[in-house]
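Novice:
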Amino acid sequence: MSIEIIIDGESVTTEAGTNLVDVAAENGVYIPTLCYLKGKPCLGTCRVCSVRVNGHIIAACTLPVSEGMNVEVNAPDLLDMRKALIEILFVEGNHNCPSCEKSGRCDLQATGYELGMVVSRFPYRFPLREREVAAKHLWLERDRCIFCQRCVEFIRDKATDQKIFSIRGRGTTAQIEIDIALADRMPPEQVREAAEICPVGCIIEKGVGFNDPIGQRKFEIQSVRERALDIKDSAAESGHE
Amino acid sequence: MSKSNKNQTYSHDLPATPMDPDLQAARDEKIKVAMIGLCGCWGCTLSLLDMDEALLGLLDKVTILRSSFTDIKRIPERCAIGFIEGGVANEENVETLIEFRENCDILISVGACAVWGGVPAMRNEVQLSDCLNEAYVDSVTAVSDAIPTIPYHEDIPRITGKVFPCHEVVKMDYFIPGCPPEGATILKVLDDLINGRPFDLPASINRYD
Amino acid sequence: MKWRFISTSAEEITRKVGNKAAFFLYQQLLLDDAGRRLNTTLQPIAAMSLRIENMNNKIPKIIQRYQADQTRLLDMLWDLHHLFGYIPDDALSELANGLNMSLNDARETRSFYHYFHDRPSGKYTLYLSDTVIARMNGYQAVQAALERESGAPIGGMDPTGTFGLYSTPCVGLSDQEPVMLVDEVVFTRLTPEKVSDIISQLKQGRSPEEIANPSGLPKDDIAYVDQLVETTIHQAGPVFFQQPNDFPELLNHCLDVGPDVVIETITAAKLRGHGGAGFSTGLKWRLCREAAGAAKYVICNADEGEPGTFKDRALLTRSPQAVFMGMVLAASVIGAREGIIYLRQEYIYLKAFLEKQLQLFREQQLLGNSILGRAGFNFDIRIQMGAGAYVCGDESALIESCEGKRGTPRVKPPYPVEQGYLGMPTCVNNVETLVAVTRVLQEGADWYQSLGVENSRGSRLMSVSGDCDRPGIYEVEWGTTLNQVLSSVGAIDPWAVQISGPSGECVAVEKSGERCFGYSDLACNGSLMIFNHSRDLLSIVKHFMQFFVDESCGICTPCRAGNVDLHNKVERVMAGRACQQDLDEMVSWGSLVRSTSRCGLGGTSPNPILTTLKQFPEIYQAKLTEQQGALLPSFDLQAALMDNEQARIELTQKELNHASEAIK
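Residue numbers (my numbering), protein chains in the order written: chain A, 1 to 241; chain B, 1001 to 1209; chain C, 2001 to 2664.
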């Protein structure tokens, strides 16, 4: 059913039930995301896509649009709120970009640039989370995990459909885990998918390093905003890149 | 500004050849800029120099009181803009940073170390005792047969338990991330500030690595 | 050779080498994958051999009991817990195998809940309720006595593995704190002397049940519950705790008039959910009735986790059948065949009693097949035990937990009324709401409408604790003022009142005493904690923030990370190192957490700070400091250098050792 909604004062025609992040992108409005993957079930974990709908703050990726919605994306307080969420993710783990394999290909970093983060307003914590290196083809840099749940939900053992990645503990003591036996039988393309689906440098493929020179890395070729607004590209990405 | 005492002489208190009065007068008119390094690798300070000839265009407005070229411990007079490289890792860093804060109108964190601790802050994940032990006591590079000693002397600043971002010690006005930031990025910030434009780092030049 | 069995199950070892040798090999199971000894004390040999015995066939039996249904994982984990006293990895691995889950997947669930342990937690596991009320009533002395007498430090075991001692958030007994649970038995009004006595009896081999229930009352008897805990109802009626009830007549009547009339009555009564959100109960039932689904479910939310709240416990103790009746009525309206009471583990001592009451209900033909002889009306209720997670009070988290998973709140929409338990339309109502529904249908909408005030009809139960003469349960009609309630409970020198627990608001009696309870003013969710002028409100705020840090499920960024920073800000204020900017940041960060979090936990967790900043700005102002010079007051140079001194002292001995070796 065709409906009309308002995004930042502009009237927009779309299909009822479409995801708000997608509707906005189709109409040239960038809503940053970290956990959302077009075409996959919504995770709603990072909250970086928070916008205001009819006066209430809501994570855009969790919202199927309906007639008459009044959506605000780029109001100053919302821009700052989303930036604050990126900033708190940077202090919660150790996001040492200069020493990270994912630099230049990292959604968190690229979104930080896009949202104008130069420093975090929150105190840096420097948590100690031990890395997990026992699997043959990949390892986990746990202090970079942002608990988006992408790997937990979308990377499963092909034969049994069992979870390969999981979260242990809750709240501040939570940490990402990997089932070594299942991980060791992941086919190479699934290993790559896991490493690429990770929006930060937590899941790292062994034997692969800094393969793209500085200046030619993923988000240097095309910024995260351009990618989000380039519908054709993000549709391809949803399969997995 | 700290003064030498009878046992110590600071570099900024050493006798210097008086400057040509006309030059001094012209310089007094200019906006004074300084940069100093705390716990970092001096890469950001080199980035300042990486402005290369682009700096020439600013020199009729700006004079640089302290940089890698004039390696004085303290700035001799109040500055409009101070750039800080490196995080706070020892008591001398704290002292220097306070001195700069008190004597600069605008203070800017330059580079990952100043902004959040950077590479030196990788030690924040371990206990200081483990750190010192690894470096001095059970060190793999220890001289065999030598008695390991953790250096301790009143002239050696004591290192702090953790490496701190500058803004957790004193108020910082602006931040230029990067490891190091490009010379052109520092130039843009400097150019904006001395020409009365607001601080702005667009996504296209904002870099954390 | 000796590592060969590490990843093998104990059962397999026993089969291969026999019981006696198995124990020695079994110790190796307590080594981690890298061969490091886990930081744990081995259980005594007797317990260990018992465990080996237990392993034989027990786990397949557990799996069989629940037909290998993954959604019953929580129950199976409890069964493992009861077998071993904790949930060892090898047993969990066998269970996971039988359920076609990876071990880590099962660990996800185990590690989510407070009462599940992955390593030995003592032959007797002691949980001391750590609440602000307990801390006003001698908590510290009781904790010290427990640690001294049991030999276990908080968070660990004594060297013999007899006692495990843990702190736990509010167990719903704030009117008789300090309180501890020993396994499934609760001890109230603790004193150091009482603690010494309990521990010494346990050491003499008496079981917790024998100590708490010396006359051996049957556990399903109300007298047993009354022996363990007090249920003090100071003010009852007109809505709650009404006797007698002719439930068959009520149900017959409702079935005769039909579901639409029932919904109309509840809607006309303007009954709103008593769980917190205040959603219209009539509308919820109607949506659930209209939703399409092959099956539908009724869930009673008895996960009363809000610190300071204990009114649902009182209802389950004194009016369980009115709760069941509400569920049966809901089932008749929406068309459900199954109902679940999600009971928090802290109320485990009510379980046998509730099971018995359910049985009595079945005997009256109010549950089971062909209820009241009406063919096709089949409905029964099971009790699902929780395992310690405040966030499961959120209805979607509670559903996840009922499905055997981590209690993570779901993304909404879809709402539970459309897709809830097992993906089917589900009506989740709080204990108190279900009782109110029963009463509304007994007495009619007009009667209920005549109670309370505009927008807030009926009455509310309040769990009252803290500085007052008569802590306990009070039924308060909406529209009553705070001062009236304070006077009826005998408040002593009241200064501040925490309304609705940490997630609610803290109000100053002086400023807010004449405010009225009701959805448009003081929307009380069932608890009042009263603090007199001598109480340290900042440390209470800090305690509440620590509670939210501990209880955040961690699924969303703002709640997981933001509460930690908010908590640390309160600490900074208390340390006298905060300035005005810190207070401004607390407001701004609090607003961030409140507005961007996924569920009500993060949506309310900044409230302790935000509401005290509004009502008691002076307690913050008094602690603020002015910046002297360039150094920020929050930066503690002395502490930073003290770390250095500490490190040097730690390493001095090592230096000396090296030196003496060199001299030799």
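Yeah, the Cβ is synthetic: ideal placement off N, Cα and C, and Gly gets one too.
In the DSSP output, which residue or residues are listed as bridge partners for D2380 (chain C)?
Specialist: Taking the first residue of the third sequence as 1, we reach residue 2380 (chain C) at position 380. Per DSSP, C:E2338.
Novice: Counting only beta-carbon atoms, is N1133 (chain B) nearer than 7 Å to chain C?
Specialist: Your numbering for residue 1133 (chain B) matches position 133 in the second sequence. N1133 (chain B) counts as touching chain C.
Novice: Using a threshold of 7 Å, state whether the C-beta atoms of D2291 (chain C) and E2418 (chain C) are closer than that.
Specialist: Counting from 1 along the third sequence, the entry for residue 2291 (chain C) is found at position 291. Counting from 1 along the third sequence, the entry for residue 2418 (chain C) is found at position 418. Per the sequence shown, residue 2291 (chain C) should be read as Ala rather than Asp. In this structure, E2418 (chain C) lies closer than 7 Å to A2291 (chain C) by Cβ.
Novice: List in chain order: all unbroken alpha helix (DSSP H) runs of 4+ residues lying wholly within the region 1013-1041 of chain B.
Specialist: Entirely contained in the region 1013-1041 of chain B, the alpha helix (DSSP H) runs reaching 4 residues are, in chain order, 1021-1029.
Novice: With distances taken between CB atoms, is the gap from V1094 (chain B) to I1064 (chain B) smaller than 7 Å?
Specialist: Taking the second sequence and counting its residues from 1, one reaches residue 1094 (chain B) at position 94. Taking the second sequence and counting its residues from 1, one reaches residue 1064 (chain B) at position 64. Cβ atoms of V1094 (chain B) and I1064 (chain B): not closer than 7 Å.
Novice: Counting pairs of beta carbons, one from the region 2484-2498 of chain C and one from the region 2426-2433 of chain C, are three or more of them closer than 8 Å?
Specialist: no
Novice: Cα-Cα, which of A:E87, A:R156, A:L138, A:E101 is closest to R121 (chain A)?
Specialist: Within the first sequence, the letter at position 121 stands for residue 121 (chain A). For the residues A:E87, A:R156, A:L138, A:E101, the minimum Cα distance to R121 (chain A) belongs to A:E87.
Novice: From this set, C:G2444, C:R2439, C:S2129, C:D2469, which residue's C-alpha is nearest R2460 (chain C)'s C-alpha?
Specialist: The residue given as residue 2460 (chain C) occupies position 460 in the third sequence. It is C:R2439 whose Cα lies nearest to the Cα of R2460 (chain C).
Novice: For Q2364 (chain C), which of helix, strand or coil comes out of DSSP?
Specialist: On the third sequence, position 364 is the one that residue 2364 (chain C) refers to. When secondary structure is reduced to three states using DSSP, Q2364 (chain C) falls in the coil class, being assigned neither helix nor strand.
Novice: Going straight from the alpha carbon of V1169 (chain B) to that of A1016 (chain B), what length do you get?
Specialist: Numbered from its first residue, the second sequence carries residue 1169 (chain B) at position 169. Numbered from its first residue, the second sequence carries residue 1016 (chain B) at position 16. Those two C-alpha atoms are separated by around 33 Å.
Novice: Would W1116 (chain B) and Y124 (chain A) qualify as a contact pair, given that the criterion is a beta-carbon distance under 7 Å?
Specialist: Translated into the one-based positions of the second sequence, residue 1116 (chain B) becomes position 116. Translated into the one-based positions of the first sequence, residue 124 (chain A) becomes position 124. In this structure, Y124 (chain A) lies closer than 7 Å to W1116 (chain B) by Cβ.
Novice: When we look at the beta-carbon of Q109 (chain A) and count the other beta-carbons within 10 Å, is it buried (16 or more) or exposed?
Specialist: Here residue 109 (chain A) refers to the residue found at position 109 of the first sequence. Q109 (chain A) is buried by the Cβ-count criterion.
Novice: Around the Cβ of F210 (chain A), are there at least 16 other Cβ atoms within 10 angstroms (buried) or fewer (exposed)?
Specialist: As a first step, residue 210 (chain A) must be located in the first sequence, where it is residue number 210. Classification for F210 (chain A): exposed.
Novice: Whose C-beta lies closer than 6 Å to the C-beta of I2530 (chain C) among residues of the same chain, with five residues either side of it excluded?
Specialist: Position 530 of the third sequence, counting from 1, holds the residue named residue 2530 (chain C). The answer, listed in chain order, is G2466, D2467, C2468, A2491, P2494, V2497.
Novice: Starting from the beta carbon of Q162 (chain A), find every residue of chain C whose beta carbon is closer than 8 Å, and list them in chain order.
Specialist: Within the first sequence, residue 162 (chain A) is the residue found at index 162, counting from 1. In chain order: N2100, M2101, S2102, D2105.
Novice: Could you pull out every unbroken beta strand (DSSP E) segment of at least 3 residues lying fully inside the region 2061-2086 of chain C, listed in chain order?
Specialist: If only uninterrupted beta strand (DSSP E) runs of at least 3 residues are considered, none is enclosed by the region 2061-2086 of chain C.
Novice: Below 8 Å on the Cβ atoms is my contact criterion, and I expect P2413 (chain C) with P64 (chain A) to pass it. Report the Cβ-Cβ distance as a whole number of Å.
Specialist: Along the third sequence, read from residue 1 onward, the residue named residue 2413 (chain C) stands at position 413. Along the first sequence, read from residue 1 onward, the residue named residue 64 (chain A) stands at position 64. About 7 Å separates the two Cβ atoms, so the contact holds.
Novice: For S1129 (chain B) and L2641 (chain C), I'd like the C-alpha separation in whole angstroms.
Specialist: If you number the second sequence from 1, residue 1129 (chain B) lands on position 129. If you number the third sequence from 1, residue 2641 (chain C) lands on position 641. Roughly 13 Å separates the two Cα atoms.
Novice: Going along the chain, which residues of the region 1155-1169 of chain B sit with their C-beta nearer than 9 Å to a C-beta in chain C?
Specialist: From the region 1155-1169 of chain B, only R1158, I1159, T1160, G1161, K1162, F1164, H1167, E1168, V1169 have a Cβ closer than 9 Å to chain C.
Novice: Check distances from the C-beta atoms of the region 2103-2134 of chain C to those of chain A and list, in chain order, the residues that come in under 8 Å.
Specialist: L2103, N2104, D2105, R2107, E2108, S2111, F2112
Novice: Who does A2491 (chain C) pair with in a DSSP beta bridge?
Specialist: By one-based count along the third sequence, residue 2491 (chain C) stands at place 491. A2491 (chain C) is bridged by DSSP to C:C2468.
Novice: Just curious, the beta strand (DSSP E) that Q2243 (chain C) is in, first and last residue?
Specialist: Within the third sequence, the letter at position 243 stands for residue 2243 (chain C). First-last for Q2243 (chain C): undefined, no H or E at that position.
Novice: Are the C-beta of D2643 (chain C) and some C-beta of chain B separated by less than 7 Å?
Specialist: Mapped onto the third sequence, residue 2643 (chain C) falls at position 643. Cβ-Cβ to chain B under 7 Å: yes for D2643 (chain C).
Novice: DSSP has I1064 (chain B) in a bridge; who is on the other side?
Specialist: As a position in the second sequence, residue 1064 (chain B) is number 64, starting the count at 1. Paired residues: B:V1033.
Novice: Whole angstroms is fine: what's the gap from S2215 (chain C)'s alpha carbon to L2190 (chain C)'s?
Specialist: What you label residue 2215 (chain C) is simply residue 215 of the third sequence in a count that begins at 1. What you label residue 2190 (chain C) is simply residue 190 of the third sequence in a count that begins at 1. S2215 (chain C) and L2190 (chain C) have their C-alpha atoms spaced approximately 20 Å apart.
Novice: Residues of the region 88-121 of chain A with a CB closer than 9 Å to any CB of chain C: list them in chain order, please.
Specialist: Within the region 88-121 of chain A, the residues whose Cβ lies closer than 9 Å to some Cβ of chain C are I88, L89, V91, E92, R121, listed in chain order.
Novice: Do S2692 (chain C) and S2512 (chain C) have their C-beta atoms closer together than 7 Å?
Specialist: The question about residue 2692 (chain C) has no answer, for chain C in this structure spans 2001 to 2664.
Novice: Below 8 Å on the Cβ atoms is my guess for G201 (chain A) versus E114 (chain A); work out the distance and round it to an integer in Å.
Specialist: For the purposes of this step, residue 201 (chain A) is identified with residue 201 of the first sequence, where counting begins at 1. For the purposes of this step, residue 114 (chain A) is identified with residue 114 of the first sequence, where counting begins at 1. Wrong, their Cβ atoms sit about 18 Å apart, outside the cutoff.
Novice: Measuring alpha carbon to alpha carbon, tell me which of C:E2177, C:S2102, C:T2160, C:G2161 ends up nearest V152 (chain A).
Specialist: Numbered from 1 along the first sequence, position 152 holds the residue referred to as residue 152 (chain A). With distances taken between Cα atoms, V152 (chain A) lies closest to C:S2102.
Novice: Does E1125 (chain B) get closer than 7 Å to chain C when you measure Cβ to Cβ?
Specialist: What you label residue 1125 (chain B) is simply residue 125 of the second sequence in a count that begins at 1. No - not a single Cβ of chain C is within 7 Å of the one on E1125 (chain B).
Novice: What is the rounded straight-line gap between the Cα of I2233 (chain C) and the Cα of P2471 (chain C)?
Specialist: Locating residue 2233 (chain C) in the third sequence gives position 233, where the first residue counts as 1. Locating residue 2471 (chain C) in the third sequence gives position 471, where the first residue counts as 1. Taking the Cα positions, I2233 (chain C) is about 9 Å away from P2471 (chain C).
Novice: Run the CB neighbour count on N54 (chain A), radius 10 Å, all protein chains shown included, and call it buried at 16 or more, exposed below.
Specialist: On the first sequence, position 54 is the one that residue 54 (chain A) refers to. So N54 (chain A) counts as exposed.
Novice: Starting from M81 (chain A), find everything on chain C with Cβ-Cβ shorter than 9 Å and list it in chain order.
Specialist: The sequence position of residue 81 (chain A) within the first sequence is 81, counting from 1. Those within 9 Å of M81 (chain A) in chain C are S2591, L2592, S2595, T2596.
Novice: Along the chain, where does the beta strand (DSSP E) containing A135 (chain A) start, and where does it finish?
Specialist: Working through the first sequence from its first residue, we reach residue 135 (chain A) at position 135. Premise fails: A135 (chain A) is in no beta strand (DSSP E) and is neither H nor E.
Novice: Smallest Cα separation from S2167 (chain C): which of C:C2559, C:Y2224, C:Q2546, C:A2575?
Specialist: Stepping through the third sequence from its first residue, residue 2167 (chain C) is reached at position 167. Considering only alpha carbons, the answer is C:Q2546.
Novice: Using the rule of at least 16 other Cβ atoms within 10 Å of the residue's Cβ for burial, across every protein chain shown, is L2343 (chain C) buried or exposed?
Specialist: Here residue 2343 (chain C) refers to the residue found at position 343 when the third sequence is read from its first residue. So L2343 (chain C) counts as buried.
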